[in-house]
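Residue numbers (the UniProt record's numbering): 1 to 571. Backbone N, C-alpha and C fix where the C-beta goes; we use that ideal spot for every residue, glycine too. Here the structure is a predicted model, which means the values were calculated and not measured.
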Amino acid sequence: MNPAARLGPFRFTRRSLLGRGAVGFASAAGATLLNPFRSLAQSSTPETRVAETKYGRIRGLRENGVFAFKGVPYAGSVSGTNRFKPAPPPTPWIGVRDAMTLGAPSIQPPGGTYGIDEPAPSEDCLSLNVWTPACDHPKRPVMFYCHGGGFTSGSAGAFFQDGANLAREYDVVVVETNHRLGLLGLLYLGEFGSDEFAGSGTQLLSDLRHGLEWVRDNIGQFGGDADNVTIFGESGGGWKVSCLLAMPSAANLFHKASIESGPMLHGLPQDRAAATTRAVLQQLGLGPNDWRKLLQLPAADLLKAQVAILSIPKSGPDTINLWPVLGPTLPHHPFAPAAPPFAANKPLIIGTCHDEANFFLGKDLAAYSLTTESLMERLTGAHGEHAHAIYDAYHRSRPEDSPTDLYIAIETAQRFRTDSITLAERKVAQQATQHDAATYMYVYTHGCDELVPGTQHKRGAYHSWDVAFRFDNLFPGGDGKPKSDLQAYLLKAIGSDEASRAASIQTAHNLSEMWATFARTGQPAAKGQPAWPAYKLPQRATMMLDANCRVVNDPEPLERRVWADLPRDPS
1 MNPAARLGPF RFTRRSLLGR GAVGFASAAG ATLLNPFRSL AQSSTPETRV
51 AETKYGRIRG LRENGVFAFK GVPYAGSVSG TNRFKPAPPP TPWIGVRDAM
101 TLGAPSIQPP GGTYGIDEPA PSEDCLSLNV WTPACDHPKR PVMFYCHGGG
151 FTSGSAGAFF QDGANLAREY DVVVVETNHR LGLLGLLYLG EFGSDEFAGS
201 GTQLLSDLRH GLEWVRDNIG QFGGDADNVT IFGESGGGWK VSCLLAMPSA
251 ANLFHKASIE SGPMLHGLPQ DRAAATTRAV LQQLGLGPND WRKLLQLPAA
301 DLLKAQVAIL SIPKSGPDTI NLWPVLGPTL PHHPFAPAAP PFAANKPLII
351 GTCHDEANFF LGKDLAAYSL TTESLMERLT GAHGEHAHAI YDAYHRSRPE
401 DSPTDLYIAI ETAQRFRTDS ITLAERKVAQ QATQHDAATY MYVYTHGCDE
451 LVPGTQHKRG AYHSWDVAFR FDNLFPGGDG KPKSDLQAYL LKAIGSDEAS
501 RAASIQTAHN LSEMWATFAR TGQPAAKGQP AWPAYKLPQR ATMMLDANCR
551 VVNDPEPLER RVWADLPRDP S
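Have a look at this one:
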C-alpha cells in the first residue's frame, strides 16, 4: 500500500461528538423494561464460520446471535496510481482470510467516525461488513446501508448502525460499506486529466456500485437474495441513495430504496466542479499544469486542503463544494423531471425528523432566544423579499410557537423537508406514468428530552436521532455497560424513567420492523401500528413515526405551500 495512503489514528471525545449534535448511538435492543439489556450468551470459544466469495474464502465470527463478517474487500487498492480512478477488483487470495475486525474507514477529518475499535482511516478503505442469521441458502432480503456524514465523513463501523439486531430479529442480511470520501471520492479531473479520469467526480458513487456488485455476486453464500436488495441511508447516506436511484449503471443492482433525512435533487455541474479543483490546486500551491502531483501528494495533505476549501463561506452559485459531478456516472440531476425514470419501478420510503435543525443550530445559541424582530432579520437575510410570506405561513400554521420554535421549523423545512416532498412528488409522477411502485412518506416525531447545551430548549427529534431506532440499537449488548461516551449519552437521552424508556423501545421496534418489512415485501408495516398508505396527491398521506404511530394527510399544508410558491431551480 502507498505509504501516503494511511493517516494517523484519530481520537474522538465527548466534546467533539456531543458538541456536533450527538449523532451516534449503540447496539442490541428489544428487551423488557425490567432488564432492557439483552444478554446473548457467548461461549468461551468463539464460534466461527467460513464463507466462500468470488475472490476467496473468509472467516467470520458469531456475535450477538448472528454471523458477522467484517472488513471484507469488495474492490482493490485506490491509492497511488489508482487515486481518483474507478476501483479495480480485489486481488484474490489463497486460503482463508479472517474477516472478524472492522476495515479502515476512508480518510476524513478527526471526529467523523463513531465506531469502537476501528482502525485508523486509510486511503485504501474499500471493505464491507455483512451480518447474517446463517450462511445457508433461504434467500433472505438484503438491506444495504449507506452511512451518513455528508460526503466527507462517517464509516461502516459506527456502532449505532451495527446490523446484528436487524439481521437476528427480522431474518434479513445487512451489508454496509466503507467508500472513498471528500477529495478522494469526489475530486473532478475531467478538465485537467486524460480519458482515464473522464468519470472522476463520482468515485464515491462508483465505490457504492462496486459494493452492490459484490452483493449481486456473493450474497447468496451468506443467505441473502441478490434479487431482493434494499438500499437505505440517513443524511449523507440519503444523498448517496438519491444518486444511486439516478445512476443507470446501478439500476439493476437493487430493488427498493429509503432516503432518510437526505434528499438530494442536484448534482454538481462540471464547470463548478472544475472551479473546486482549481481551488484545491491553489490551496496546495500548484498550478493547473501540475495537477498530476495530486497523485503523489500524501493523503494527509489532500485532507488539509479539503478542510481549508470547505471552510470558505458559502454564498451564491459559485460556492466551492464537494458534490457528485454530473457526467457519465450521474448523467442527470436525481429525479429531474426530464431525466429517464430509472427509479420508477422501485418502491421508496422518504422522510425527515421533526426537529432536524436542532442538530445544526447547537452552537448558534442566539437562535434559542429569538424575538420576532430578530427572527425576521434572519429570514430577510436568507430569503429577502420572501421573508414575510414565510413568517406569515409558519405563524398561521403554529400560532402558539415561539420565534425560536418557528425558526427551527423553517430551517428544518429549508434543509430537508421541502426537498423530501419535492422528491416524493416527482417519484409519484414517475409511477403514475410508468410503473406502480409506491412511495411512502414519514416524519419521525419521537423526541429526545435532552437539552441543547447552553439552552433550556429540548433537542426533540433532531437530525440523526432516528438512526439507532431504525437499527433497533438503543442498548449496548452483553452486560449493558456503555463502551464509549456516545453510548452513555444515548442511554441517558432515551429517558431515565420507565415510561420514557418504554416509549423509546416501542419506537425502535416500530421503525426496525417497518424497514425490515419494507425490505421483504416493498410495503412498510409493523404489528400493532396503523397501515402505512402510499403517498399520493392530493392526500399526501404521511406516517408520523413514534411509539404510537399515526397517519396524517398533508401535515402543515400552509408551510408546504409557501415553499412550493417560492422560485426554485428549474432542473
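Start and end residues, alpha helix (DSSP H) containing residue i
i    : result
K304 : A299 to L310
E559 : P557 to A564
A68  : Segment V66 to P73 is the beta strand (DSSP E) holding A68; no alpha helix (DSSP H) there.
N218 : Q203 to N218
V241 : G236 to L244
L370 : Counting along the chain, L370 falls outside any alpha helix (DSSP H), and DSSP gives it neither H nor E.
Y394 : A387 to S397
Segment limits, beta strand (DSSP E) that includes residue i
i    : result
S127 : S127 to T132
I259 : K256 to E260
G56  : G56 to E63
L284 : Segment: none, L284 is in no beta strand (DSSP E) and carries neither H nor E.
Y462 : Per DSSP, Y462 belongs to no beta strand (DSSP E) and is neither H nor E.
T48  : T48 to T53
C146 : R140 to C146
Y489 : Segment D485 to A493 is the alpha helix (DSSP H) holding Y489; no beta strand (DSSP E) there.
N165 : First-last for N165: A164 to Y170, but that is the alpha helix (DSSP H), not the beta strand (DSSP E).
R97  : V96 to D98
Burial state of residue i, where buried means 16 or more other Cβ atoms lie within 10 Å
i           : result
G201        : buried
W131        : buried
residue 582 : Limits of the chain in this structure are 1 at one end and 571 at the other, which puts residue 582 out of reach.
L406        : buried
K256        : buried
A564        : exposed
residue 573 : The requested residue 573 is not part of the displayed model; the chain covers only 1 to 571.
N252        : exposed
K240        : buried
I312        : exposed
R550        : exposed
S324        : In the sequence under discussion, the amino acid at residue 324 is Pro, which differs from the Ser named in the question. Flag for P324 reads buried.
Q296        : exposed
D195        : exposed
D355        : buried
G211        : buried
T319        : exposed
D162        : buried
S153        : buried
T53         : buried
Contact set for residue i: own chain, Cβ-Cβ below 6 Å, skip 5 residues either direction
i    : result
E191 : A274
Y55  : P90 and P92
Q430 : P341 and A344
E450 : R459 and A493
Y170 : A516
Nonlocal neighbours in the same chain, by C-beta distance under 8 Å from residue i, ignoring five residues either side
i    : result
P305 : Here residue 305 turns out to be Ala, not Pro, going by the sequence shown. Around A305: L183, V280, Q283 and L284.
A503 : H446, G495, D546 and A547
H332 : A246, G267, L326, A338, A339 and P340
V428 : T439, Y535, K536 and L537
K85  : V78, E196, F197, S200 and Q203
P334 : S242, C243, L245, A246, M264, L265, H266, G267 and L423
8 Å Cβ cutoff met for residue i and residue j
i    : j    : result
A508 : L558 : no
P288 : R278 : yes
S106 : P119 : no
L204 : G185 : yes
I58  : K483 : no
M514 : P524 : yes
A158 : C125 : no
S155 : N178 : yes
V307 : R180 : no
Y188 : Q270 : yes
S242 : P263 : yes
D472 : N165 : yes
Neighbourhood of residue i by C-beta distance below 7 Å, restricted to the same chain and skipping five residues each side
i    : result
A424 : I350, T439, M441 and Y535
A437 : A344, N345, K346, P347 and Q431
H386 : L566
V552 : T542 and M544
V562 : A389, I390 and A393
H457 : Y368, T404 and L451
Any non-hydrogen atom of the ligand FAD closer than 7 Å to residue i Cβ
i    : result
D419 : Looking for the ligand FAD in the displayed structure turns up nothing, as the structure carries no ligands at all.
Residue i at chain D interface by Cβ criterion, 8 Å
i    : result
G327 : Reference to chain D is not applicable here, since this structure consists of a single protein chain.
key: Three-pair Cβ contact test at 8 Å for the stretch 331 to 347 versus the stretch 229 to 249   = Contact between the stretch 331 to 347 and the stretch 229 to 249 is established, with three or more Cβ pairs separated by less than 8 Å.
key: At least three beta-carbon pairs within less than 8 Å, the stretch 43 to 59 to the stretch 87 to 103   = Yes, since at least three Cβ pairs between the stretch 43 to 59 and the stretch 87 to 103 fall closer than 8 Å, the two stretches touch.
ask   = Touching or not, the stretch 436 to 445 and the stretch 387 to 401, by the rule of three or more beta carbon pairs under 8 Å?
value = Verdict: no, contact absent.
message = Quick test of the definition: if touching needs 3 or more C-beta pairs under 8 Å, does the stretch 120 to 138 touch the stretch 54 to 73?
response = With three or more CB-CB distances shorter than 8 Å, the stretch 120 to 138 counts as touching the stretch 54 to 73.
query = Are there three or more Cβ pairs, one per stretch, closer than 8 Å when the stretch 221 to 239 is compared with the stretch 141 to 149?
reply = Yes, since at least three Cβ pairs between the stretch 221 to 239 and the stretch 141 to 149 fall closer than 8 Å, the two stretches touch.
key: At least three beta-carbon pairs within less than 8 Å, the stretch 458 to 475 to the stretch 346 to 363   = In short, these stretches touch, since the Cβ pair count reaches three.
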